Every structure is written in structure tokens, then in C-alpha cells.
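Just so we're aligned, residue 71 is where the sequence shown starts under our numbering, counting upward by one. The C-beta atom is built at its ideal place from N, Cα and C for all residues, glycine as well. All of these numbers come straight from a predicted model, not from anything done at the bench. Everything below concerns the one structure shown next.
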Amino acid sequence: MDVLRRLSIKWRGLLSLSLLSSMVFASLIYVDISHGEAIIGDPAQGINDPILGSKHDFSGLNRRAGVVAMPGVAFSDYGNPCVYCHIPPEQADSDSIALGAIEGWNRYQPATDTFQLYDSKYLDSKTRTPSPISLLCLSCHDGTMGVDMVVFRPDQFDSTQDKAMHMRINGEDNTVSCGKCHNGRVAHDIAIKHIGTDLRNDHPISMRYAGLLRSDPDFRLPHTPAGFDNGVRIYEGRVECASCHNVHNPEKDLFLRVDSDMLCQTCHTK
Ligand code: HEC
Ligand code: HEC
Ligand code: HEC
Ligand code: HEC
Ligand code: HEC
71 MDVLRRLSIK WRGLLSLSLL SSMVFASLIY VDISHGEAII GDPAQGINDP
121 ILGSKHDFSG LNRRAGVVAM PGVAFSDYGN PCVYCHIPPE QADSDSIALG
171 AIEGWNRYQP ATDTFQLYDS KYLDSKTRTP SPISLLCLSC HDGTMGVDMV
221 VFRPDQFDST QDKAMHMRIN GEDNTVSCGK CHNGRVAHDI AIKHIGTDLR
271 NDHPISMRYA GLLRSDPDFR LPHTPAGFDN GVRIYEGRVE CASCHNVHNP
321 EKDLFLRVDS DMLCQTCHTK
């Protein structure tokens with residue numbers, strides 16, 4: 071079974087467990103913040119889930135940044151920070167792929183034929199289409215879809231509260247781009263977070279890791295099939311965005327799994 075499916079089933083399992091035994095878990099999972107709104111955290115971690123308060127916490131952004139105009143205009147606040155990526159537990163049995171979802175995630179499949187992946191004649195293993203876990207990231211960071219473009223909104227979300235604009239990660243000055251404000255003057259510049267669909271200048275992704283089974287002297291052998299002891303991950307034998315970044319851990323700059331001076335040599339021997 072696909073690793074991510076397992077992960078999302080685990081998450082769903084944890085959440086439905088929490089719903090069933092809400093009396094017991096209520097205080098841990100549903101955390102009352104100042105104005106009485108419930109936030110669902112990782113049941114294992116509750117309010118300590120490090121994604122809360124990070125740049126990927128879209129239900130808390132407004133409060134933190136103190137900009138009412140953000141979720142008031144730019145994107146809908148679904149009141150649950152997890153659903154911007156994960157399928158909500160109440161939709162666990164829906165056929166999300168039939169609705170156009172990326173397999174295992176609550177986001178629409180970007181138009182994959184537009185991606186131009188890194189290529190070079192030196193690359194051992196060529197890939198044309200990013201894997202689902204990288205499509206997840208690209209569904210926001212390629213700048214083609216709104217940050218709040220989820221397949222399922224939480225049942226509790228009142229659709230009359232939906233916002234008219236669904237802005238994208240894009241530095242342009244127009245009403246579909248966060249760059250309307252995030253231009254380095256009104257607010258910090260978002261352009262650098264916009265990876266786009268041309269990935270030829272970025273680190274290759276979704277190719278098989280050449281260091282598996284000690285098959286290539288330029289690459290180190292991972293400690294386990296899931297990756298290296300320092301946290302760098304290999305997903306089903308492949309390198310993905312999440313090999314280097316962990317959106318669940320803002321401890322290191324840019325959500326890197328390892329400080330950038332040590333990151334490259336985790337895999338590359340030279
Ligand atoms: C920006 C996207 C994003 C958001 C928002 C997000 N997650 Fe995740 N989550 C991921 C990714 C990517 C993974 C897979 C990470 C990995 O293990 O490589 C993951 C993995 C998980 C896992 C499995 C971890 C494990 O090691 O088994 C759980 C549980 C989880 N998320 C819960 C949550 C909860 C609860 C929230 C809301 C508080 C949340 N996530 C918000 C992207 C997200
Ligand atoms: C739901 C939309 C969404 C998804 C999905 C998403 N991101 Fe992001 N990400 C954002 C936004 C918005 C920001 C903040 C941009 C800003 O501050 O200008 C961000 C910021 C980042 C940053 C920069 C953090 C910093 O401190 O400046 C990194 C790195 C990143 N994301 C990587 C990822 C990776 C890797 C994935 C997939 C596992 C992912 N993102 C999935 C929306 C998303
Ligand atoms: C009406 C203007 C406006 C719009 C539109 C807007 N923002 Fe913001 N945003 C701000 C301001 C002002 C801040 C606070 C100053 C800063 O962080 O640069 C901010 C802060 C942020 C932060 C940092 C929060 C933190 O606590 O670190 C993120 C992330 C962010 N915005 C993402 C977005 C995304 C994604 C969009 C588009 C979907 C968006 N913003 C649209 C004005 C706006
Ligand atoms: C081989 C490791 C690796 C892979 C794979 C990788 N990144 Fe990164 N990423 C980095 C490093 C290192 C940085 C910071 C240094 C830099 O600017 O390049 C970074 C920077 C970023 C930033 C922040 C840009 C900024 O300076 O604020 C975003 C957003 C991001 N990556 C998203 C992604 C996404 C999305 C993918 C998959 C399409 C991806 N990354 C794949 C290592 C990686
Ligand atoms: C998770 C393992 C991993 C990490 C971490 C990693 N790489 Fe890579 N890198 C690879 C793989 C695998 C390839 C593709 C090799 C192939 O198939 O020929 C690659 C390819 C490259 C290429 C293209 C080489 C070519 O043959 O065209 C460059 C450049 C590169 N990496 C630089 C970096 C830098 C810089 C860092 C640190 C920011 C880094 N890598 C971190 C695994 C990794």
C-alpha cells in the first residue's frame with residue numbers, strides 16, 4: 071500500500087477515534103483559543119502540533135498576521151488547518167479521485183502535462199510526472215490554483231461564508247494573486263515561494279533514488295527504505311519535495327529536514 075495512503079488512513083483513524091471518544095479526548099483535541107473557535111490538531115499532539123502557527127496554518131494566519139483582509143478576501147478560512155491538505159475524516163470513504171483529487175490528498179490534481187521537470191543527459195532515471203506527495207506541494211506552489219481550492223470543505227463550514235476571491239501563490243499584481251499585497255511593500259514578497267510549472271531549474275523530483283542498493287557510487291545508501299537517520303526521506307524509492315522539507319516541522323528554516331549545509335551530502339557523495 072502506498073505510504074501516503076497509510077499516513078492519511080492513520081490520520082483519519084486517529085481523528086475518527088477522537089470523534090468517537092470525544093468525551094475523553096475533547097480537552098486534548100479541541101483547543102479553545104481566545105475567541106472560542108475550535109482548532110483540530112494532531113490528536114497525538116493537540117495544541118502542540120507544530121504545524122499550528124506555521125506558515126502552513128491557514129486557519130490561524132489572519133489572527134497571527136493581524137490582517138483581517140487576508141482570509142476575508144484572499145482565501146476562505148475553513149476553521150480547520152488540516153483540510154487545506156488532508157481529506158477531512160468525514161469524507162474518508164468518498165471517491166476523491168473521481169472528483170479530480172490528487173491521490174490521498176484533499177487537493178485537486180494540477181494539470182500535470184504542464185510541468186516541465188528537471189532533465190539532463192546525466193540523469194540516470196527520468197520522470198515526466200510528479201508523484202502525488204509532490205503534486206500536493208505543487209498544487210499551491212505552482213501558483214495555478216487558489217490556496218483554499220480544496221476538494222472537500224469541512225461539513226461545519228458555512229458555504230455562505232465562502233470568499234469571492236481565491237488567491238494563488240503568485241507575485242503578480244492582480245486579484246487572483248496573493249502578490250496583490252505580498253509585493254514586498256504592503257507585505258512580504260511571495261514571489262520566491264512561487265515555484266511555477268517549469269521545474270527545470272529546481273532540484274529534480276519524483277525520480278528513483280540512485281543510491282538504493284548501493285547501485286551508484288555518487289549516492290549514499292539510505293539507512294532504511296524510508297530514508298536517512300537524520301530525517302531525509304525517500305518515498306517508495308523516490309526523491310520528492312518532502313524528502314528535503316517537512317511541512318509538519320517549522321523548527322528549521324524553510325521547513326528543511328536538515329540544515330542546508332548538511333542536506334546535500336546526505337544523499338550525494340560529492
Ligand atoms: C501543507 C499541507 C499540510 C497540512 C496543512 C497538514 N499536513 Fe499533515 N501531512 C502533510 C504531509 C506532506 C505529510 C507527510 C509527511 C511525511 O511523513 O513525510 C503529513 C503527514 C501527517 C500525518 C502522519 C504523520 C506520521 O508520521 O505518521 C498526520 C497524523 C498528519 N499529517 C496530521 C495533520 C493534522 C492533524 C493537521 C492539521 C493540524 C495537518 N496534518 C496539516 C501535509 C500537511
Ligand atoms: C494549501 C497550500 C499549500 C500547500 C499544499 C503547500 N504549501 Fe508550502 N506554503 C504555502 C504558503 C501560502 C506559504 C507561505 C508563503 C509566504 O509566506 O509568502 C508556504 C511556504 C512554504 C515554504 C517556505 C517557508 C518559509 O519559512 O518561508 C516552503 C519551504 C514550503 N511552503 C514547502 C512546501 C512543501 C514541501 C509542500 C508539500 C509537502 C507544501 N509547501 C505544500 C502554501 C502551501
Ligand atoms: C489585503 C492584503 C493581503 C492579501 C490579499 C494577502 N495578504 Fe498575507 N499578509 C498581509 C499582511 C499585511 C501580512 C503581515 C505582514 C507580513 O507578514 O509581511 C501578511 C502576512 C502573511 C503571512 C505571514 C504570517 C505569519 O504569521 O508569518 C503569510 C504566510 C501570508 N500573509 C500568506 C498569504 C497568502 C497565501 C495570500 C493569498 C492567498 C495572502 N497572504 C494574501 C496582507 C495580505
Ligand atoms: C533536494 C532537496 C530539495 C528538494 C527535493 C526540494 N527542495 Fe525546496 N528547498 C530546498 C532548499 C535547500 C531550499 C533553500 C535554499 C534555496 O533557496 O534553494 C529550498 C527552498 C524552497 C522554498 C522557499 C524558497 C525561499 O527561498 O523562500 C520553497 C517554497 C520550496 N523549497 C518548495 C519546494 C517544493 C514545492 C519542492 C518540490 C517541487 C521542493 N521544494 C523540492 C531543498 C529542496
Ligand atoms: C534525498 C536525496 C537527495 C538530496 C538530499 C539531494 N539530492 Fe541532489 N539528487 C538526488 C538524486 C537521486 C538526483 C538524480 C540523480 C540521477 O538520477 O542521475 C539528484 C540530482 C541532483 C542534481 C542534478 C545532477 C545531474 O546529474 O544532472 C544536482 C545539481 C543536485 N542533485 C544538487 C543537489 C543539491 C545542491 C542538494 C542540496 C540542496 C541536493 N542535491 C540534495 C538526490 C538528492
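Do you know how far the Cα of residue j is from the Cα of residue i?
i, j, result
"V246", "A234", "10 Å"
"N118", "G301", "20 Å"
"P158", "I172", "14 Å"
"I304", "T230", "42 Å"
"L324", "L333", "13 Å"
"S209", "G174", "13 Å"
"D72", "S276", "Confidence at D72 is low in this model, with a pLDDT of 34, below 50, so its placement is unreliable and the value that follows should be read with caution. Each residue's Cα considered, the two are about 14 Å apart."
"G106", "C337", "With a pLDDT of 25 at G106, under the threshold of 50, the modelled position of this residue cannot be trusted; read the value that follows with caution. Distance between the alpha carbons of G106 and C337 is about 46 Å."
"H156", "R290", "32 Å"
"L131", "D218", "13 Å"
"N271", "S124", "27 Å"
"H273", "A312", "12 Å"
"P202", "Q186", "16 Å"
"H264", "L122", "22 Å"
"L326", "N253", "24 Å"
"G142", "S164", "29 Å"
"E306", "P295", "8 Å"
"D232", "R133", "18 Å"
"R255", "K322", "26 Å"
"S104", "A168", "Since pLDDT at S104 reaches only 27, below the 50 mark, its modelled position is unreliable, and the value read off the structure follows with that caveat. The alpha-carbon atoms of S104 and A168 are separated by roughly 39 Å."
"D331", "L269", "22 Å"
"Y100", "H315", "The predicted model places Y100 with a pLDDT of 30, which falls under 50 and marks its position as unreliable, so this point remains unresolved."
"D299", "D147", "37 Å"
Report the CB separation of residue i from residue j in whole angstroms; it is logged as a contact under 8 Å.
i, j, result
"F128", "H236", "Incorrect: roughly 12 Å between the Cβ atoms, too far for contact."
"P320", "P151", "About 13 Å; that fails the 8 Å criterion."
"F227", "G149", "7 Å"
"D212", "G136", "Not a contact, Cβ separation roughly 29 Å."
Residues in its own chain within less than 7 Å of residue i by CB, not counting five upstream and five downstream?
i, result
"G249", "N240, G241, E242, D243, I260, A261"
"G281", "F289, R290, L291, P292, C337"
"E160", "D225"
"L206", "C155, I172, W175, R177"
"H318", "P120, I121"
"G216", "F145, H236, M237, R238"
"V138", "N132"
"M140", "L131, N132"
"Q335", "none"
Measure the Cβ-Cβ separation of residue i and residue j and say whether it is below 7 Å.
i, j, result
"P224", "V153", "yes"
"T339", "D288", "yes"
"T182", "T199", "yes"
"E310", "S204", "yes"
"R308", "R284", "no"
In chain order, what residues of the same chain have a beta carbon less than 6 Å from the beta carbon of residue i, not counting five sequence neighbours either side?
i, result
"A257", "C251"
"H126", "V317"
Who are the near neighbours of residue i in its chain, counting only those whose CB is closer than 8 Å to its CB and skipping five residues on each side?
i, result
"G170", "Y178, Q179, V221"
"Y188", "L269, R270, N271, D272, H273, P274, I275"
Quick one: what's residue i bridged to in DSSP?
i, result
"S247", "R238"
"F289", "H338"
"V220", "R177"
"Y305", "R308"
"Q186", "D268"
Would you check whether ligand 6 has a heavy atom nearer than 6 Å to the C-beta of residue i?
i, result
"Y148", "The model depicted lacks ligand 6 and carries ligand 1, ligand 2, ligand 3, ligand 4 and ligand 5 instead."
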